[in-house]
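Undergrad: Heads up, the sequence shown is in our numbering, so the first residue is 66 and it goes up one at a time.
Even glycine gets a Cβ: it sits at the ideal position worked out from N, Cα and C.
One structure coming up, written as structure tokens, with questions to follow.
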Amino acid sequence: MNKLSAIVITLNEENNIRACLESIKWVDEIIVVDSGSRDKTVEICKSFTDQVYYLPWEGFGKQKNNALDRAHFDWILSIDADERVTPELKFEIESILKDKIEVAGFAISRKNYFGNRLILNCGWHPDYTVRLFNRKKGRFNPVQVHESVQLSGEKGYLKQSFVHFTYRDLSDYLQRMDRYSSLAAKDLFAAHPKRIIAKMLLRPPVTFIKMYLIKRGFKEGAFGFILCVLYSFYTFLKYAKCWELLKQNKP
Numbered sequence: 066m067n068k069l070s071a072i073v074i075t076l077n078e079e080n081n082i083r084a085c086l087e088s089i090k091w092v093d094e095i096i097v098v099d100s101g102s103r104d105k106t107v108e109i110c111k112s113f114t115d116q117v118y119y120l121p122w123e124g125f126g127k128q129k130n131n132a133l134d135r136a137h138f139d140w141i142l143s144i145d146a147d148e149r150v151t152p153e154l155k156f157e158i159e160s161i162l163k164d165k166i167e168v169a170g171f172a173i174s175r176k177n178y179f180g181n182r183l184i185l186n187c188g189w190h191p192d193y194t195v196r197l198f199n200r201k202k203g204r205f206n207p208v209q210v211h212e213s214v215q216l217s218g219e220k221g222y223l224k225q226s227f228v229h230f231t232y233r234d235l236s237d238y239l240q241r242m243d244r245y246s247s248l249a250a251k252d253l254f255a256a257h258p259k260r261i262i263a264k265m266l267l268r269p270p271v272t273f274i275k276m277y278l279i280k281r282g283f284k285e286g287a288f289g290f291i292l293c294v295l296y297s298f299y300t301f302l303k304y305a306k307c308w309e310l311l312k313q314n315k316p
């Protein structure tokens, strides 16, 4: 049977991390990389694993690669603090690990919650992302935010899903939107973007139309409208912050 390392990165996640680690305590090892929590996150993590490390923040992609580099086994399960492995997903993963695995990794869908509400539209479902992979054939792209595993080989898909408690409420979304839009702006700036004003004007309404009409956000009622507006504003904000960076760094 293939052994499995689970990797988690944390920062002030005391409200989430216990349930997350409880859902993966069946794996062969858990690696946690913390970037300076000031709450009880590290204390909670140490009750589940002795592999808890501190590393300064370098962005989501690099931080997850730092955790990946500390794993001892080839097969990796990457999970965020606000995600949970269900018993059904655990059984499916364990079944896969029993045999020789031909693919480089597997995409796992997520059941995304906003507060207590499961969102099935707006492009939030099934939300597949590679989270189970062979470290010899996959690595995170080193971006500030919205990182993903880049595989050198074929990809499979699991039937079962993570449970993902995405945001507690609107205030939680707004706080994280400020942080994530700043990180996304840095990635955009590093790519030397062109026509930034045009993108600032056009991308937000395109985001709204895609989420609300094409991805059927309207089926979520008033909340779907609010969510699509929020994501449109996030899109505007990351381009506006990138424009600010370009102005600040203009020769």
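1) Out of Arg260, Glu148, Phe156, which one is the CA nearest neighbour of Thr231?
2) Glu157 and Leu223: beta carbons closer than 8 angstroms?
3) Under three-state DSSP, which class holds Phe138?
4) Using 10 angstroms around the beta-carbon of Tyr119, count the other beta-carbons present and answer buried if the total reaches 16, otherwise exposed.
5) Under a Cβ-count criterion, where at least 16 other Cβ atoms within 10 Å of its own Cβ denotes burial, should Gln128 be classed as buried or exposed?
6) Would you report the Cα separation of Phe288 and Arg281, rounded to the nearest angstrom?
7) Can you give me the C-alpha to C-alpha distance between Asp229 and Arg175, rounded to a whole angstrom?
8) Apart from the five residues just before and just after Phe227, which ones in its own chain have a Cβ nearer than 8 angstroms to its Cβ?
9) So who's on the other strand from Ser174, going by DSSP bridges?
10) Where does Thr300 sit, in a helix, a strand or coil, going by DSSP?
11) Name the DSSP bridge partner or partners of Thr48?
12) For Gly124, which of helix, strand or coil comes out of DSSP?
13) Rounded to whole angstroms, what's the CA-CA distance from His137 to Asn67? Just pull it up for me.
14) Verify whether the separation of the beta carbon atoms of Ser213 and Lys202 is less than 8 angstroms.
15) Count the CB pairs spanning the stretch 246–258 and the stretch 270–280 that are closer than 8 angstroms, and state whether there are at least three.
16) Once DSSP output is grouped into helix, strand and coil, what is the label at Gly188?
17) At the level of alpha carbons, what is the spacing between Leu69 and Leu142?
18) To the nearest angstrom, how far is it from the Cα of Lys284 to the Cα of Tyr277?
19) Answer yes or no: do Phe254 and Cys293 have a C-beta to C-beta separation smaller than 8 angstroms?
20) If you draw a straight line from the C-alpha of Trp140 to the C-alpha of Gly126, how long is it?
21) Measure the alpha-carbon distance for Leu235 versus Asp164 and round it to whole angstroms.
22) Short of 6 angstroms in beta carbon distance, which residues of its chain neighbour Gln225, apart from the five on each side in sequence? Order them along the chain.
23) Based on Cα-Cα distance, which residue from Asp99, Pro316, Leu267, Ala169 lies nearest to Lys303?
24) List the residues that DSSP assigns as beta-bridge partners of Asp46.
25) Per the DSSP calculation, Val92 is bridged to which residue(s)?
TA: Considering the structure as presented:
1) Glu148
2) The answer is yes: Cβ separation under 8 angstroms.
3) coil
4) exposed
5) buried
6) If I take the Cα positions, the gap works out to 12 angstroms.
7) According to the sequence shown, residue 229 is His rather than Asp. The straight-line gap from Cα to Cα measures roughly 6 angstroms.
8) For Phe227, where only same-chain residues beyond five positions count, the Cβ hits under 8 angstroms are Ile144, Glu148, Arg149, Val150, Thr151, Leu154, Ile173, Ser174, Arg175, Lys176, Arg196.
9) Ser226
10) helix
11) An answer regarding residue 48 cannot be provided, because it is not within the stretch 66 to 316 covered by the chain.
12) Coil, per DSSP.
13) 12 angstroms
14) With contacts defined by Cβ atoms closer than 8 angstroms, Ser213 and Lys202 do not form a contacting pair.
15) Result no; under three Cβ-Cβ pairs closer than 8 angstroms.
16) In this structure, Gly188 counts as coil in the three-state DSSP scheme.
17) 7 angstroms
18) 9 angstroms
19) no
20) 18 angstroms
21) Roughly 44 angstroms separates the two Cα atoms.
22) Setting aside the 5 residues that flank it on each side, Gln225 is surrounded in the same chain by Glu153, Leu154, Glu157, each with a C-beta closer than 6 angstroms to its C-beta; the list follows chain order.
23) Leu267
24) The first residue shown for the chain is 66 and the last is 316, placing residue 46 beyond what the model contains.
25) Its beta-bridge partners do not exist; DSSP assigns none.
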